[in-house]
Amino acid sequence: MPIHVLPRRHRSRRLVCLCSIVIIALLSGGADSFQWTCDELTPSLCELSVTGGSFNIRGVDVNYRRFKRKQPILGGQFLSPLITLHGGPSWPSDYLLPLRQLACRGAAEVILYDQAGCGQSALPNGANISLEYPHLLTTEYYSEEELPALIEHLSLDRYHILAHSWGTILAQLYLLNAKNTSGLASLTLSGPLSDAKSYIDAQWDETEGNLGSLPPFVQHRIKKLEEKQRYDSAEYEALDEVLSTFFTLRTAPAPDCFAKSASGLNKEIYVGMQGASEFTLSGVLGELNVTGRLHEMEVPVLLTHGEFDTMRPSIVKTMQGQIKLAERKMFPHSGHVSMIDDAGLMNDVVADFLERVEASQRGAGAPHFVPKNWEESTKSQVDPKMRWVTLVFTTLIAFFVGLLVGKRRKYKDGYSPIE
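Just so we're aligned: 1321 in our numbering is position 394 of the sequence shown, and the numbers increase by one with no gaps anywhere.
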């Protein structure tokens, strides 16, 4: 069947048709019966070996996985190991599995681990975190104890770190505050932030904010629900579910590795650290601001973010301006989870960065690392103004879909708008 490109004046009709298809799919429950795998969406995935292990810290077994290429790269040179830091807090590492492909590209190994309290590093059933494990509600534990303990346990003399979301906070604090970071060769910060207040303000910005781009009614409802702290209401949950497919993970239905991470979330740690709201930051991280210290970072840093990311360009550009050896790349199809939404491109960019870092650090006579000026030439060919019209229109449709989905799930009280 041929694909027809509609003239601009007819694109709104096509949007209505597309949204109708989405509504039908959601209401029919068809999306619930189908799921992609993360292997399917990861290009050029080679045969890898995986070994697991754990180390005990403060009475909790922290579990990790080490992915290595089975067949050596002919004539190639393995790069230093890559440690990945998952987001959340307390959102397990399974969704980072597309990054395994970097072991096919030359990294000696790619290491995934679940931070204490979530996923494969879960606490005993019935554990009282605030009484028995209060350190899991502090940034110092993850950045100055757990991560250094992992590095020591694995006897890593030299390594790279790739961090995502909350993991980028952990990575920054590790580099700035940990006792010994001499083995760190580079940082890749995906969907990063360094200042909680600026992050919140940027989302509501009328020019380039994600929440600021929503229809006025939707913005009003979010703000009203936030004000009343009705995070458990059917309306709030419907909004969160629908908007997550716009700004968090745009690959829908979500693939298996993301769903597995979701099932391993420790909600008590998550809410205690970042707050109950999905559209702001409170909790322990509510006062975070390390922007003024970013100039202390001496290693090369790659900053990445999605075009539709919750971490808006102004946040990432501010960080880039403060870090001495920083480069920035925006992925054109991504929300916050670029390693899934733009799996192939992200692995290409990270591999290129790691190779240049290693080339600059190979002893006497090696060229100095020079940050790359990535041209954002992969933006959608759709006119930018039309792009935002599309986003606003489909968000409004999606909002009402969310309400229908909420009713379909038979909440006890049904949908009742908060006045």
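Glycine is no exception: its CB is placed at the ideal position from the N, C-alpha and C atoms.
Please return the same chain residues whose Cβ sits closer than 8 angstroms to the Cβ of residue i, not counting the five positions on each side in sequence.
i, result
"Val987", "Ala1043, Gly1044, Ser1048, Leu1050 and Tyr1060"
"His1087", "Leu1006, Ser1007, Pro1008, Leu1009, Ile1010, Ala1034, Leu1111, Ala1112, Ser1113, Leu1114, Thr1115, Leu1281 and Val1284"
"His1222", "Gln1249, Ile1250 and Lys1251"
"Val1228", "Ser1113, Leu1114, Thr1115, Leu1116, Ile1250, Leu1252, Ala1253 and Glu1254"
"Ile948", "For Ile948, the predicted model reports a pLDDT of 32, less than 50, meaning its position is unreliable and no value from the coordinates is stated."
"Leu872", "No statement about residue 872 is possible, as the shown extent of the chain runs from 928 to 1346 and does not include it."
"Lys1106", "Glu1071 and Pro1075"
"Cys1031", "Ser971, Leu972, Cys973, Leu975 and Arg996"
Between the Cα of residue i and those of the options, spot the shortest distance and give me the residue it belongs to.
i, options, result
"Leu965", "Leu1152, Ser1020, Pro1016 and Ser1007", "Here residue 965 is Cys; the residue named in the question, Leu, does not match the sequence. Closest option to Cys965, Cα to Cα, is Ser1020."
"Glu1234", "Glu1135, Leu1026 and Gly1033", "Glu1135"
"Met1200", "Ile1096, Ser1109, Gly980 and Asn1052", "Ile1096"
"Thr1066", "Gly1213, Gly1046, Asn990 and Lys1155", "Gly1213"
"Ala983", "Tyr1068, Ala1161, Gly1014 and Glu1073", "Reading off the sequence shown, one finds Asn at residue 983, where the question assumed Ala. Minimum Cα distance to Asn983 is reached at Glu1073."
"Leu1064", "Pro1075, Ser971, Lys995 and Asn1193", "Asn1193"
"Ser1092", "Ala1123, Asn1104 and Ser1109", "Ala1123"
"Leu1039", "Ala1270, Leu1024, Gly1219 and Arg1032", "Leu1024"
"Ser976", "Arg1027, Pro1180, Pro1075 and Ile1242", "Arg1027"
"Tyr1158", "Phe1185, Phe1206, Gln1130 and Glu1133", "Phe1206"
"Glu1036", "Gly1015, Ile1000 and Pro1016", "Ile1000"
"Ser1070", "Leu1100, Gly1053, Ala1054 and Gly979", "Leu1100"
"Pro1016", "Glu1302, Val1226, Leu1081 and Gly1202", "Gly1202"
"Glu1154", "Ser1204, Phe994 and Ser981", "Ser1204"
"Gly1191", "Gln1288, Phe1296 and Gly1046", "Gly1046"
"Gly1262", "His1232, Asp1275, Ser1287 and Gln1288", "His1232"
"Phe961", "Pro1259, Ala1186 and Val1211", "Ala1186"
"Arg993", "Gly1014, Leu1083, Ala1054 and Asp1269", "Leu1083"
"Asp1041", "Ser981, Glu1079 and Ala1270", "Ser981"
"Val1226", "Gly1271, Lys1244 and Gln1288", "Gln1288"
Spatial neighbours of residue i within its chain, please: CB distance less than 6 angstroms, with the 5 preceding and 5 following residues excluded, ordered by chain position.
i, result
"Lys1299", "Glu1254"
"Ala1034", "Leu1006 and Leu1009"
"Ala893", "Nothing about residue 893 can be reported from this structure: the residues present for the chain run from 928 to 1346 only."
"Pro1143", "none"
"Trp963", "Pro1182"
"His937", "Residue placement at His937 is poorly supported in this model, since its pLDDT is 34, which falls under 50; the coordinates still yield a value, given next. None."
"Thr1108", "Leu1102"
"Gly1139", "Trp1131, Asp1132 and Glu1133"
"Gly1215", "The sequence as given places Leu at residue 1215; Gly does not occur at that position. Around Leu1215: Ala1123."
Could you round the C-beta distance between residue i and residue j to whole angstroms and report it? I think they count as a contact, below 8 angstroms.
i, j, result
"Lys997", "Glu974", "5 angstroms"
"Phe1280", "Thr1115", "7 angstroms"
"Val1264", "Thr1172", "In fact, because the Cβ distance is near 11 angstroms, the residues do not count as touching under 8 angstroms."
"Tyr991", "Leu1058", "At roughly 27 angstroms, the Cβ-Cβ gap does not stay under 8 angstroms, so Tyr991 and Leu1058 are not in contact."
"Trp1018", "Ser1188", "6 angstroms"
"Met1273", "Met1266", "5 angstroms"
"Arg985", "His1062", "7 angstroms"
"Tyr1068", "Cys1184", "Contact flag wrong, Cβ pair sits at about 26 angstroms."
"Val1118", "Met1246", "Reading off the sequence, residue 1118 comes out as Gly, not Val. Wrong, their Cβ atoms sit about 11 angstroms apart, outside the cutoff."
"Ala1270", "Leu1029", "11 angstroms between Cβ atoms; not a contact."
Could you give the residue range of the alpha helix (DSSP H) that holds residue i?
i, result
"Arg1255", "Per DSSP, Arg1255 belongs to no alpha helix (DSSP H); it is in the beta strand (DSSP E), Ala1253 to Phe1258."
"Gly1233", "Unbroken run through Gly1233 is the beta strand (DSSP E), Val1228 to Gly1233; no alpha helix (DSSP H)."
"Leu1152", "Pro1143 to Lys1155"
"Lys1244", "Pro1240 to Gln1249"
"Cys917", "Residue 917 lies beyond the range of the chain shown here (928 to 1346); nothing can be said about it."
"Thr1172", "Ala1161 to Phe1174"
Where does the unbroken beta strand (DSSP E) through residue i begin, and where does it stop?
i, result
"Phe994", "Val987 to Arg996"
"Tyr1040", "Val1037 to Tyr1040"
"Ile1267", "Careful: Ile1267 lies outside any beta strand (DSSP E), inside the alpha helix (DSSP H) at Ser1265 to Asp1268."
"Ala891", "Residue 891 lies beyond the range of the chain shown here (928 to 1346); nothing can be said about it."
"Leu1009", "Leu1009 to Leu1012"
Kindly list the residues whose CB is nearer than 7 angstroms to the CB of residue i, restricted to its own chain and excluding five residues on each side of it in sequence; keep chain order.
i, result
"Glu1195", "Ile1056"
"Ile1242", "Leu1120, Ser1125, Tyr1126 and Ala1129"
"Ser955", "With a pLDDT of 37 at Ser955, under the threshold of 50, the modelled position of that residue is not reliable, and the figure given next carries that caveat. Here the set comprises nothing."
Helix, strand or coil, according to DSSP, for residue i in the structure here?
i, result
"Ile1127", "helix"
"Ala1179", "coil"
"Tyr1060", "coil"
"Val977", "strand"
"Asn1193", "coil"
"Leu1023", "helix"
"Leu1081", "coil"
"Leu1089", "strand"
"Phe961", "coil"
"Phe982", "strand"
"Asn1274", "helix"
"Asn1216", "strand"
"Asp1122", "strand"
"Val949", "Legend: pLDDT at Val949 = 37, less than 50; position of this residue unreliable, no value from coordinates given."
"Ala1076", "helix"
"Ala1054", "coil"
"Leu1006", "strand"
"Ala1105", "coil"
"Ala1034", "strand"
"Thr969", "coil"
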